[in-house]
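Step one of this worksheet: look at the structure below.
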Ligand code: ADP
Ligand code: MG
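In our numbering, the protein residues as written are -15 to 448.
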């Protein structure tokens, strides 16, 4: 690439190398990353190439403005790697019939566009009536989050935004849904996951419906967004979220956000967003203790007996056993409970602890065959590092620790042998794996943070 030299050869026009657009596109992908590339760059066309500049085609004015304001410099840099003489880019908006083969532009009236957005949003904006405050069981680990949620329902904007964070399966979505249900009595509630928000956002851009998108989301006076960690590393999405947030906040809409970590741990998120997120009340939901697990089981038994009008014959010992043994994840606890109930009904007898042991063993060991690839993916994602880097030979701690944790989990969660695990980690020796397992074991015993991370990762890997 770099060989394209201005002065090369006897030919004065040596730089008149033509651009290979496919190759450039694949370099865009590499240097901008998948998110930006697929949201913004992949549909750019090469319209015309001159010696010193190029004309690129984009679908809409909005695309053009977005790309020029954010990525133009880097695009130019990329192009210069292929053809040094280029010093300028021009963008041209190309109407759908002139070039964009797959475009599905809407040419109908604005009114129609609004209903189209609303209809598709309706599909996921539905609140689940079964996840309410009444069946949200409280204990030490979630009491404050619960009370804060209740509080904002009584009085709008006492805490704004309310930011609820905690690990997987601990009740964030349940609580957010409960808040939404309660508030929807008197308010226009928008309840959406960050992932859906992005999906809708990109769709609106592609269909040239951004005005409607903005209107739609800014209409709410209660805006609940689940799993905000999804915006990490997604620049365009953060930009839009920031504006949505601000305009809602300015008109005193209540904003509720959930996340798998506290705002200050949101790496690859703009600082101004982090500061907005933590500007109200930040509360966490922790792993349930034994008492909470017990209360949840009791509640589930009640619910079961009420809805099926039949008695569940679970002894105190058995319930106790489940509460003690189940991992610190409410979703899993309920899964185990359901299994025990199913088993007891099938066998038609009162279960004892030994039955439970068998069922639990089954739950933990069965149906889930965890692959090392999955462990590597989830782990590198969790630590926000590139999987190739994690597997590389580099020894810096931010790479080495996650690598060791992944090896450790591979040993604990799969039946692979040490040499097999070593091979999957860029052909490392089995002694390296042993060392990793020992190191992480030791750290888990001495370091709370490590223990928490490993536990959280384990449940992320085991969850589907
Ligand atoms: P998260 O969003 O934090 O991953 P969810 O809200 O999806 O977790 O909760 C997982 C499951 O556990 C759901 O079925 C939810 O109803 C149940 N659950 C979580 N916390 C509680 C609670 N405090 N009381 C009753 N059920 C709960
Ligand atoms: Mg959730």
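C-beta atoms are modelled at their ideal positions from N, C-alpha and C, and glycine is treated no differently.
Who are the Cβ neighbours of residue i in its own chain at under 6 angstroms, not counting the five residues just before and after it?
i	result
residue 5	30
residue 21	12 and 13
residue 328	335
residue 278	307
residue 177	210 and 211
residue 122	130
Going straight from the alpha carbon of residue i to that of residue j, what length do you get?
i	j	result
residue 214	residue 332	45 angstroms
residue 52	residue 27	14 angstroms
residue 107	residue 179	Because residue 107 sits at a pLDDT of 43, beneath the cut-off of 50, its placement in the model cannot be relied upon, and the following sentence gives the value as read from the coordinates. So the two alpha carbons sit approximately 14 angstroms from each other.
residue 450	residue 287	Since the first residue shown for the chain is -15 and the last is 448, residue 450 is missing from the structure and cannot be characterised.
residue 220	residue 64	24 angstroms
residue 196	residue 369	36 angstroms
residue 234	residue 395	51 angstroms
residue 127	residue 244	18 angstroms
residue 273	residue 312	7 angstroms
residue 403	residue 414	5 angstroms
residue 419	residue 289	51 angstroms
residue 345	residue 118	32 angstroms
residue 166	residue 54	40 angstroms
residue 44	residue 379	46 angstroms
residue 387	residue 393	10 angstroms
residue 48	residue 164	37 angstroms
residue 261	residue 326	43 angstroms
residue 129	residue 376	41 angstroms
residue 60	residue 417	45 angstroms
residue 183	residue 337	47 angstroms
residue 151	residue 2	52 angstroms
residue 449	residue 446	Residue numbering for the chain in the displayed model covers -15 to 448; residue 449 lies beyond these limits and cannot be assessed.
residue 33	residue 185	32 angstroms
residue 422	residue 147	37 angstroms
residue 205	residue 430	47 angstroms
residue 113	residue 225	27 angstroms
residue 67	residue 41	19 angstroms
residue 209	residue 241	5 angstroms
residue 56	residue 25	11 angstroms
residue 189	residue 323	45 angstroms
residue 434	residue 358	20 angstroms
residue 319	residue 175	26 angstroms
residue 194	residue 432	46 angstroms
Just to confirm my understanding: we take residue i, look at its own chain, exclude 5 residues before and 5 after, and list those with CB closer than 8 angstroms. What are they?
i	result
residue 36	69, 70, 71 and 72
residue 143	132, 135, 136, 264 and 265
residue 441	362, 363, 366, 389 and 393
residue 258	247, 248 and 250
residue 153	313, 314, 315, 316, 443 and 447
residue 405	356, 391, 394, 395, 398, 414 and 417
residue 296	285, 288, 289, 325 and 328
Of the residues the options, which one's Cα is nearest the Cα of residue i?
i	options	result
residue 444	148, 421, 183 and 316	316
residue 76	63, 62, 46 and 57	46
residue 255	216, 243 and 266	216
residue 424	402, 408 and 385	385
residue 38	66, 8, 407 and 74	74
residue 125	375, 149 and 117	149
residue 199	248, 290, 10 and 229	229
residue 400	375, 207 and 353	353
residue 270	40, 44, 305 and 436	436
residue 340	185, 358, 147 and 307	307
residue 391	381, 360 and 377	360
residue 372	295, 409, 155 and 139	409
residue 268	155, 296 and 16	155
residue 138	303, 238 and 25	238
residue 58	15, 434 and 50	15
residue 120	110, 145, 187 and 276	276
Got a sec? Which residues, its chain only, sit under 7 angstroms from residue i by beta carbon, not counting five neighbours each side?
i	result
residue 299	334
residue 231	202
residue 10	none
residue 19	217 and 218
residue 294	none
residue 252	216, 217 and 368
Residue ranges of each beta strand (DSSP E) run of no fewer than 3 residues wholly in the region 161 to 223, ordered along the chain? 173 to 177 and 206 to 210
Could you give the uninterrupted runs of the alpha helix (DSSP H) lying entirely in the region 238 to 326, keeping only those of 4 residues or more? Within the region 238 to 326, the complete alpha helix (DSSP H) runs of at least 4 residues are 255 to 261, 274 to 292 and 300 to 309.
Just checking, does the region 130 to 142 make contact with the region 156 to 168 on the three C-beta pairs under 8 angstroms criterion? yes
For the region 272 to 286 against the region 167 to 178, do three or more pairs of beta-carbon atoms, one drawn from each stretch, fall closer than 8 angstroms, so that the two count as touching? no
So within the region 367 to 391, which uninterrupted alpha helix (DSSP H) runs reach at least 4 residues, ignoring any that extend past its ends? Runs of the alpha helix (DSSP H) spanning 4 or more residues and lying entirely within the region 367 to 391 occur at 371 to 375, in chain order.
Note down, one range per segment and in chain order, each beta strand (DSSP E) of at least 3 residues found wholly within the region 53 to 81. Segments of the beta strand (DSSP E) lying fully in the region 53 to 81: 72 to 77.
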